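Asker: Dropping a structure here in structure tokens format, bear with me for questions.
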Amino acid sequence: MNMRTIGWCVLSVGILWLIVAINMGTSVESSPGIRVMNFSLIAQQQNQLLIGALISLAGLMCVIFGRNQGGSNNALDVKCPFCAEYIKPDAIKCKHCQSELPRNFSNVTAMNLLEEFKHFSHHDFVGDDGSLNELKIQNFADIGIRYLEVIKQVNGDLTTAEKELLTKIESTATMFDSDIADEFNQLCVKHSPWLVLG
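Quick note: the sequence shown uses numbering that gives the first Met the number 0, first residue 0, plus one each step.
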């Protein structure tokens, strides 16, 4: 749960608290039909109003200054080569360690992703029971998708990039028996929207 969501919850509680405090009774009946103000009840109402206002203010501050935390786990983010924190691929300077990034950082990122993709062996996809591990294949496909996204961002040759990935997929599939190779290809297509195998 991010800070803004917590802020909205706290703000709601504070506003509800204020509404209840405003509706508190501050008078008592002294004799039939005659009501008088009670200083003790007025003081209690003021205390509750103050507490509600402070809770509302705290919630409002969280909403205003809180950030949506969707950035660090974004599939397109890459690790800074200096501090290993996630940053945008087109960043010029790391927001965490303030290091200047190389001009061709996105190209370096693309090459690292391609190397990671090509590093997979057919043994990596087979579980202990001899069946294919779909989670490993999904991870394999995700790296390929991130590689293609970086290639798009640097205006690289997308067709060549797709051919490189396809070559690796086909060469890996040839290492399996025909039934397992077909299943491997189907899982690759399932987790790679760009991939069409003939």
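Note that beta-carbon positions come from the ideal geometry of N, C-alpha and C, so glycine has one too. None of the values given here were measured: they were computed from a predicted structure.
Over the uninterrupted alpha helix (DSSP H) stretch that includes I91, give me the two end residues.
Answerer: Where I91 is concerned, there is no enclosing alpha helix (DSSP H), given that its DSSP letter is neither H nor E.
Asker: Around the C-beta of F116, are 16 or more other C-beta atoms found within 10 angstroms, so that it is buried, or is it exposed?
Answerer: Buried: at least 16 other Cβ atoms inside 10 Å.
Asker: If you follow the alpha helix (DSSP H) that M60 is in, where does it begin and where does it stop?
Answerer: Where M60 is concerned, the enclosing alpha helix (DSSP H) stretches over F38 to F64.
Asker: Determine the contact status of D89 and Q152, defining contact as a CB-CB distance below 7 Å.
Answerer: Contact flag set, yes.
Asker: Give me the Cα-Cα distance between S26 and I54, rounded to the nearest whole angstrom.
Answerer: Distance between the alpha carbons of S26 and I54 is about 26 Å.
Asker: Based on DSSP bridge pairs, tell me the residues matched to V125.
Answerer: According to DSSP, which records beta bridges pairwise, V125 is partnered with L131.
Asker: Taking DSSP as the reference, what is the three-state secondary structure of S191?
Answerer: The answer is coil: DSSP assigns S191 none of H, G, I, E or B.
Asker: Considering only residues of the same chain and omitting the five flanking positions on each side of A180, which have a CB-CB separation below 6 Å?
Answerer: The answer, listed in chain order, is A172.
Asker: In angstroms, rounded to a whole number, what distance separates the CA positions of T166 and G155?
Answerer: About 18 Å.
Asker: In the DSSP assignment, find the unbroken beta strand (DSSP E) run with E28 in it and report its ends.
Answerer: Here the beta strand (DSSP E) through E28 covers S26 to S30.
Asker: Quick check on E99: does DSSP put it in helix, strand or coil?
Answerer: Looking at E99 - three-state DSSP - the assignment turns out to be strand.
Asker: What's the C-alpha gap between E169 and L113?
Answerer: Roughly 15 Å separates the two Cα atoms.
Asker: Does the beta-carbon distance from L17 to G51 come in below 7 Å?
Answerer: In this structure, G51 lies closer than 7 Å to L17 by Cβ.
Asker: Which residue wins for smallest C-alpha separation from M23, given the options N138, Q47 and S130?
Answerer: When only C-alpha atoms are compared, the closest one is Q47.
Asker: Under the rule that 16 or more other beta-carbon atoms within 10 Å means buried, what is S98, buried or exposed?
Answerer: With fewer than 16 Cβ atoms within 10 Å of its Cβ, S98 is classed as exposed.
Asker: V12 bridges to which residues according to DSSP?
Answerer: BP columns for V12 are empty, so no partner.
Asker: Could you tell me which residues DSSP pairs with Y85 in its beta bridges?
Answerer: For Y85, which the question treats as bridged, DSSP gives the partners K78.
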